[in-house]
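Take a look at the structure below.
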Amino acid sequence: MNAEEFVELVCAQTGMHVGTDHLDLPFDALPAWDSMYLLTVATAVEARTGRSLNVADALECASLGQLRNLVGA
Numbered sequence: 290m291n292a293e294e295f296v297e298l299v300c301a302q303t304g305m306h307v308g309t310d311h312l313d314l315p316f317d318a319l320p321a322w323d324s325m326y327l328l329t330v331a332t333a334v335e336a337r338t339g340r341s342l343n344v345a346d347a348l349e350c351a352s353l354g355q356l357r358n359l360v361g362a
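When you line the sequence shown up against this note's numbering, it's residues 290 to 362, in that order.
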């Protein structure tokens, strides 16, 4: 999954309007970010890639880019 596909998945799962330029922003700098989105996006990425991730590691992520890197998307 490339960066554009990851961002499309984030937008589809959260309803947020973000782009690849938002990947390295801290979650609290994202417009309309809700902490529940982290689990929503992580679950969707797992389903899409077939790769599982450690929830504790996901909770340590501070940005969408870190989450994407965690699952090797």
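No residue lacks a Cβ here, since even glycine has one placed at the ideal position from N, Cα and C.
Within 10 angstroms of the Cβ of residue i, are there 16 or more other Cβ atoms? Answer buried if so, exposed if not.
i: T303; result: buried
i: R357; result: buried
i: V344; result: exposed
Taking the alpha helix (DSSP H) that residue i falls in, what are its first and last residues?
i: M325; result: 325-338
i: C300; result: 292-303
i: L356; result: 353-359
Would you please state the rounded distance, in angstroms, between the beta carbons of residue i and residue j? I believe it to be under 8 Å.
i: L254; j: A351; result: This structure gives no information on residue 254, because the portion of the chain shown stretches from 290 to 362.
i: V330; j: V299; result: 6 Å
i: G361; j: D313; result: Incorrect: roughly 17 Å between the Cβ atoms, too far for contact.
Are the Cβ atoms of residue i and residue j separated by less than 8 Å?
i: M305; j: L328; result: no
i: T332; j: M290; result: no
i: E335; j: S341; result: yes
i: E294; j: T309; result: no
To which residues does DSSP link residue i through a beta bridge?
i: P315; result: S352
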